[in-house]
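**Student:** I have a structure here, written as structure tokens, and I will follow up with some questions on it.
Protein chains: 2
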Amino acid sequence: MPDNTIVATPSAYTYPLLVKQLLLNSVSLHGDQEITYRGEMRYTFREFRQRVGKLASALTALGVRHGTTVAVMDWDSHRYLESYFGIPMMGATMFTVNVRLSPQQIAYTLNDAEAEVVLVHADFVPLLEQLKPELKTVRQIVVMADGQAVPATSLSFAGEYEALVGSASADFEFRDFDENTKAATFYTTGTTGDPKGVCYSHRQIVMHTLGTALSLTSQPEGQRLHREDVYMPITPMFHVLAWGVPYIAVLLGLRTVLPGRYVPDVLLKLKREEKVTFSHCVPTILQMLLQAPSGADQDLSGWKIIIGGSALSPALCRAAVERGIDVFAGYGMSETGPVVALAQLSAVDATSDLDEEVHLRCLTGRPVPLVDFRVVDADMNDVPRDGKTQGEIVLRAPFLTQGYFKKPEASEELWAGGYLHTQDVAVVRPDGFVQIVDRIKDVIKTGGEWVSSIEVEGLIGEVPGVQESAVVGVRDEKWGERPMAYVVCKPGVTVDVETIRHHLLGLVESKRISKYAVPDAERIVFVAEIPKTSVGKINKKLLRERTA
Amino acid sequence: MPDNTIVATPSAYTYPLLVKQLLLNSVSLHGDQEITYRGEMRYTFREFRQRVGKLASALTALGVRHGTTVAVMDWDSHRYLESYFGIPMMGATMFTVNVRLSPQQIAYTLNDAEAEVVLVHADFVPLLEQLKPELKTVRQIVVMADGQAVPATSLSFAGEYEALVGSASADFEFRDFDENTKAATFYTTGTTGDPKGVCYSHRQIVMHTLGTALSLTSQPEGQRLHREDVYMPITPMFHVLAWGVPYIAVLLGLRTVLPGRYVPDVLLKLKREEKVTFSHCVPTILQMLLQAPSGADQDLSGWKIIIGGSALSPALCRAAVERGIDVFAGYGMSETGPVVALAQLSAVDATSDLDEEVHLRCLTGRPVPLVDFRVVDADMNDVPRDGKTQGEIVLRAPFLTQGYFKKPEASEELWAGGYLHTQDVAVVRPDGFVQIVDRIKDVIKTGGEWVSSIEVEGLIGEVPGVQESAVVGVRDEKWGERPMAYVVCKPGVTVDVETIRHHLLGLVESKRISKYAVPDAERIVFVAEIPKTSVGKINKKLLRERTA
Chain B
22 MPDNTIVATP SAYTYPLLVK QLLLNSVSLH GDQEITYRGE MRYTFREFRQ RVGKLASALT
82 ALGVRHGTTV AVMDWDSHRY LESYFGIPMM GATMFTVNVR LSPQQIAYTL NDAEAEVVLV
142 HADFVPLLEQ LKPELKTVRQ IVVMADGQAV PATSLSFAGE YEALVGSASA DFEFRDFDEN
202 TKAATFYTTG TTGDPKGVCY SHRQIVMHTL GTALSLTSQP EGQRLHREDV YMPITPMFHV
262 LAWGVPYIAV LLGLRTVLPG RYVPDVLLKL KREEKVTFSH CVPTILQMLL QAPSGADQDL
322 SGWKIIIGGS ALSPALCRAA VERGIDVFAG YGMSETGPVV ALAQLSAVDA TSDLDEEVHL
382 RCLTGRPVPL VDFRVVDADM NDVPRDGKTQ GEIVLRAPFL TQGYFKKPEA SEELWAGGYL
442 HTQDVAVVRP DGFVQIVDRI KDVIKTGGEW VSSIEVEGLI GEVPGVQESA VVGVRDEKWG
502 ERPMAYVVCK PGVTVDVETI RHHLLGLVES KRISKYAVPD AERIVFVAEI PKTSVGKINK
562 KLLRERTA
Chain A
22 MPDNTIVATP SAYTYPLLVK QLLLNSVSLH GDQEITYRGE MRYTFREFRQ RVGKLASALT
82 ALGVRHGTTV AVMDWDSHRY LESYFGIPMM GATMFTVNVR LSPQQIAYTL NDAEAEVVLV
142 HADFVPLLEQ LKPELKTVRQ IVVMADGQAV PATSLSFAGE YEALVGSASA DFEFRDFDEN
202 TKAATFYTTG TTGDPKGVCY SHRQIVMHTL GTALSLTSQP EGQRLHREDV YMPITPMFHV
262 LAWGVPYIAV LLGLRTVLPG RYVPDVLLKL KREEKVTFSH CVPTILQMLL QAPSGADQDL
322 SGWKIIIGGS ALSPALCRAA VERGIDVFAG YGMSETGPVV ALAQLSAVDA TSDLDEEVHL
382 RCLTGRPVPL VDFRVVDADM NDVPRDGKTQ GEIVLRAPFL TQGYFKKPEA SEELWAGGYL
442 HTQDVAVVRP DGFVQIVDRI KDVIKTGGEW VSSIEVEGLI GEVPGVQESA VVGVRDEKWG
502 ERPMAYVVCK PGVTVDVETI RHHLLGLVES KRISKYAVPD AERIVFVAEI PKTSVGKINK
562 KLLRERTA
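Going down the list, the protein sequences come from chains B and A. So the first sequence is numbered by the working numbering: it starts at 22 and just counts up by one. So the second sequence is numbered by the working numbering: it starts at 22 and just counts up by one.
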């Protein structure tokens, strides 16, 4: 292949894609725009830009250099937003510590990431003190007092964040460097093994910002973002870069509200007083907001909220829509930037049927620009877009993690065949909307078909007297696998195997499930209890082991 | 600086930014969306994608390979849109020939670009035949009959576009390659010298598409683009990639109307019948549309039109706004992608004063995302944002041309000091809106100040009896330069030097101009006529030569 690449004239600026460029317009066009921390402290984008320079100067004085990893342990704050920019812009790596992990796991991640400096909120000082003996690379700790008394501690601090930043010079020269430089890192926890380090480069953050922003902004009406929205994250800033939305907010110069620790009453007050119009959160937080007594009479209309992290249930979605919230699902994982799909409705989706509208808002969504979003069978062929045939979601995009830190085998498994494997099993509707039906390890492959364990559980749940069920695949010589159902009956009620089979077989005729999905009579077992994981999910791994 | 770049696991897809990725969503989500040529021929994005494959197969059969330059001479058509994708996607370079240049210039550009294949519309066959003897690299010509008889010619054709594409295979494998591969090239003509070749890489086209799209879509209301707009270009597709908007239209899956040769009645009919909502054109075309008798009663409301190429005058803007057109200025040059600024209004700009609104819509605009847009003095210091102090617009962006083809000196001059020099002189308002006041070579540098020649001409024009004037700089030992005014009086009227000076000096007090801008008495000269260029602009180069 002959070379046909463009040769730049020596003086030309080749423009590496760097996080600092996301700040260009927000300062030149929105310099007076406001950022507020809990509605208590306020400053402008112009001051924000100066503080980003001050932070870099202060960190330099602490020995932070190009390539140093700086860990942050904080609630959602202006300090975190300053770190999102200042740390990567100086060529260092921002490590957003998941403060909800166990102390052992946090110590593991700090060591694995080779963090040298930790910026820690006063609330997490006892936690950090507890794990300090295990830390191998941390040499400086900066405390973020946040206007409260710092707990008595044996930790020694290089200084207090505000004092250090306040006295540092704003004139830090942010130089150019390779756009593939590691800008941010954090850890993802699976059901087994140590947390795995995921990282993103400057180029990847810029591309994720542009792609996701374009999907959000190009929506004709509803579920859209525009330059006059007021943004408040309600997904922790330590969680996959708060889904990348803070970078979008700064690029577009949005008024930004950083709510600190999530307290429903405070969030609702900020929504009201700061006139917040755009947020994102997990279903649990949405539920808390809807149920908070202090917000029962509050007008929530015009609040656009992306829901991710776990599936948005129709009941919760409906409750939100009835309160006027323009709620819709987003899809992604720690490894994917994260946003790869959004359930934005289009004019052709317009419906006067609330049930149908709720159904659409709860779907996994449609891919955002530049994402090569495929649902494939085991041979990597695209499944038909029939809304029925299941396959795994595999991806290519300019912002997917290029592997796990120091985990070559897991990295190769993630990228088998050159596509990122999400391990989510989904169907594709003819209109391109994707709906996840299961995790791949829970799907039952029987007679050449993929059966969603979650789907079968839902249908068994329709049988009167059934309280709960769990369906897993068991090995079968003839069919490869067959579904095995563990069923818990309601107290004092008895259900028999044939009643369940009769119900399921009836659904085969109406094509709600395939006949392969109906468990054989000997594979429906009544139990007193179904084993759960620490976060309350059905422990299918354990069930499969027991069955085998 | 220690290396802190991310190392991808071997199987990871590193995702080079390529034109083919702009097609991903339009096929997967908008496969049924329609593209129409003049309202006569229609097909879907799904068919479009197939024809892009067929075009690549057909060109491969003609010997086109990675690195081959394929020239296109056509009106705005589906064939052009197929070329925008098919030619770059196969690793070849699309050369958009400016069919308005002189035959000699066209021959020069075809030779300079080393075009091997030409796709030519029947209308341009006589032109191509005329310059054929001079062509050194062209070896294949494909005629685009476009449903009309091809003129008798001595040219021999490799085939007819529809016949070749129709019979070719849609299954062309578009491979990955370096994102810095040359995707498109075309020529820019200055007032002197040969046309200069400008080119853009795949990465640059992708970045321009994202940046401009995000500026257009993130606008709260008015002057905005969304996924349900209907797009019709009215800037020729051979002119700086039709300002890059066709790539945006395909990325967002917009219904697209390609109008063929620009005939006002046809454009107005397409606007009406195809319900066009988004276009872009030069002021002359807008004027033609407003004045076309066939459209006098036509409802033009809701038509968003970006105006570029030359300044949008308040009178024309007002006429358009009064007809309901949501018209606004854009700024860019052949060398800049092209879009670097747009005059989109924001809520804070909202005004009930039509004059003020028209004034804002006619400004040069505010920078689009990722553009480092500076207005600087001769020492590259930013001028104050006072709406008065003049400086040159210099730029950095991820989509600026990296130099002129085979013109190392001109390329270095363009990029002197690492910023692209536009040679446009502008002021910056406190709100970030930029307004161009002159070309740098016409600005008069006197007593340490920059004086806009156009501004002084406008003020002299206010003197009763003055028909026209031209102001140029002349060397001056003490002041560096001084303004020299050539004035034409209205027929039968005499104006004297002191009247002009008295008027201008009066404006110094009200701060409309600086005292340095007032020509000395001996430098105001009355003439019978002012020399003009072939396109009707004042020939300041000639005036400066005469004065010297």
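From the three backbone atoms N, C-alpha and C, an ideal C-beta is built for every residue, glycine too.
So which residues on chain B does N560/A lean against when the C-beta distance must stay under 7 Å?
**Tutor:** Chain B residues near N560/A: none, gap ~30 Å exceeds 7 Å.
**Student:** Closer than 7 Å between beta carbons: that is the criterion. Which residues of the segment 201 to 216 of chain B meet it against chain A?
**Tutor:** Flagged, chain order: N201, T202, K203.
**Student:** Residues of chain B with CB under 9 Å from D97/A, in chain order?
**Tutor:** By Cβ distance, chain B contributes nothing, its closest Cβ being about 23 Å from D97/A, past 9 Å.
**Student:** Are there three or more Cβ pairs, one per stretch, closer than 8 Å when the segment 62 to 79 of chain B is compared with the segment 539 to 559 of chain B?
**Tutor:** The segment 62 to 79 of chain B vs the segment 539 to 559 of chain B: no contact.
**Student:** Since I believe H223/B is in contact with L39/B (beta carbons under 8 Å), could you give me their beta-carbon distance rounded to a whole number of angstroms?
**Tutor:** Yes, L39/B and H223/B are in contact; Cβ-Cβ is about 5 Å, under 8 Å.
**Student:** Which chain A residues are close to G88/B, counting only those with a beta carbon under 8 Å from its beta carbon?
**Tutor:** Here the neighbours are M22, P23, D24, N25.
**Student:** Within 8 Å, do at least three Cβ pairs link the segment 157 to 171 of chain A to the segment 192 to 199 of chain A?
**Tutor:** At 8 Å Cβ cutoff, the stretches do not touch.
**Student:** Looking at the unbroken beta strand (DSSP E) that takes in L122/B, where does it start and where does it end?
**Tutor:** That residue, L122/B, is in no beta strand (DSSP E); it is neither H nor E in DSSP.
**Student:** Output the residue ranges of the beta strand (DSSP E) runs that lie fully inside the segment 462 to 507 of chain B and measure 3 residues or longer, sorted by chain position.
**Tutor:** Segments of the beta strand (DSSP E) lying fully in the segment 462 to 507 of chain B: 465 to 467, 470 to 472, 487 to 497.
**Student:** Does any C-beta atom of chain A lie closer than 8 Å to the C-beta of E566/B?
**Tutor:** Cβ-Cβ to chain A under 8 Å: no for E566/B.
**Student:** What's the call for G323/B, buried or exposed, on a 16-neighbour Cβ count within 10 Å?
**Tutor:** By the 10 Å Cβ count, G323/B comes out exposed.
**Student:** Classify K325/A: buried if its beta carbon has 16 or more other beta carbons within 10 angstroms, exposed otherwise.
**Tutor:** Buried is the call here.
**Student:** Do E200/B and P419/B come within 8 Å of each other at the CB atom, strictly closer than that value?
**Tutor:** Cβ atoms of P419/B and E200/B: not closer than 8 Å.
**Student:** List the endpoints of the continuous beta strand (DSSP E) containing R63/B.
**Tutor:** Run containing R63/B: 62 to 65, per the beta strand (DSSP E) assignment.
**Student:** Unbroken alpha helix (DSSP H) runs of length 4 or more, entirely within the segment 204 to 275 of chain B: which are they?
**Tutor:** You should have 223 to 238, 266 to 273.
**Student:** Pairs of beta-carbons, one from the segment 350 to 366 of chain A and one from the segment 422 to 442 of chain A, closer than 8 Å: are there three or more?
**Tutor:** Contact holds: three or more Cβ-Cβ distances are below 8 Å.
**Student:** Quick check on R395/A: buried or exposed, where buried means 16 or more other Cβ atoms within 10 Å of its Cβ?
**Tutor:** With 16 or more Cβ atoms within 10 Å of its Cβ, R395/A is classed as buried.
**Student:** Do the CB positions of I255/B and S300/B come within less than 8 Å of each other?
**Tutor:** Cβ distance < 8 Å, so I255/B and S300/B count as in contact.
**Student:** Run through the DSSP bridge pairs and tell me what Q456/A is partnered with.
**Tutor:** Paired residue(s): V448/A.
**Student:** Using a threshold of 8 Å, state whether the C-beta atoms of R382/B and V348/B are closer than that.
**Tutor:** For R382/B and V348/B, yes; Cβs fall inside 8 Å.
**Student:** Please return the same chain residues whose Cβ sits closer than 6 Å to the Cβ of T277/A, not counting the five positions on each side in sequence.
**Tutor:** So the list reads I56, Y252, A270, once near-sequence residues are dropped.
**Student:** Across the segment 384 to 395 of chain A and the segment 240 to 249 of chain A, are there enough close Cβ pairs to call them in contact, namely three or more that are closer than 8 Å?
**Tutor:** No: fewer than three Cβ pairs fall under 8 Å.
**Student:** Would you grab the beta carbon distance between T385/B and V455/B for me? Rounded to a whole angstrom, and I think it's under 8 Å.
**Tutor:** With 8 Å as the limit, T385/B and V455/B qualify as a contact, their Cβ atoms being about 5 Å apart.
**Student:** Excluding the 5 residues flanking I575/B on each side, which residues of the same chain have their C-beta closer than 7 Å to its C-beta?
**Tutor:** Because chain B spans 22 through 569 in this model, residue 575/B falls outside it and cannot be assessed.
**Student:** I need the boundaries of the alpha helix (DSSP H) containing H87/B, first residue and last residue.
**Tutor:** Neither: H87/B is in no alpha helix (DSSP H) and is coded neither H nor E.
**Student:** Is Y537/A close to chain B, meaning its C-beta is less than 8 Å from at least one C-beta of that chain?
**Tutor:** Not closer than 8 Å to any Cβ of chain B, the Cβ of Y537/A fails to qualify, so no.
**Student:** What's the C-alpha gap between V219/A and S177/B?
**Tutor:** Their Cα atoms are separated by approximately 59 Å.
**Student:** Does A368/A pass the burial test, meaning 16 or more other C-beta atoms within 10 Å, or should it be called exposed?
**Tutor:** When all chains shown are included, A368/A counts as exposed.
**Student:** With the cut-off set at 8 Å, would you say R100/A and M165/A are in Cβ contact?
**Tutor:** In contact: R100/A and M165/A (Cβ atoms closer than 8 Å).
**Student:** Would you mind reading off the limits of the alpha helix (DSSP H) that contains Y101/A?
**Tutor:** From DSSP, the alpha helix (DSSP H) with Y101/A extends over 99 to 110.
**Student:** Between which two residues does the beta strand (DSSP E) harbouring L416/A extend?
**Tutor:** Its beta strand (DSSP E) spans residues 412 to 417.
**Student:** Starting from the C-beta of L378/B, find all residues in its chain whose C-beta is less than 6 Å away, skip the five residues before and the five after it, and write them out in chain order.
**Tutor:** Just to set this straight, residue 378/B is Glu in the shown sequence, not Leu. Here the set comprises T372.
**Student:** What does DSSP give as the partner residue(s) for R395/B in the beta ladder?
**Tutor:** In the DSSP output, where bridge partners are listed per residue, R395/B has V415/B.
**Student:** Quick one: which chain B residues come within Cβ less than 8 Å of Q240/A?
**Tutor:** Per Cβ cutoff of 8 Å: H247, R248.
**Student:** Among the residues of its own chain, which have a CB less than 6 Å from the CB of M505/A, if the five just before and after it don't count?
**Tutor:** V493, V495, R544, T568, listed in sequence order.
**Student:** Should A234/B be flagged as near chain A, meaning a C-beta pair shorter than 8 Å?
**Tutor:** Interface residue, yes.
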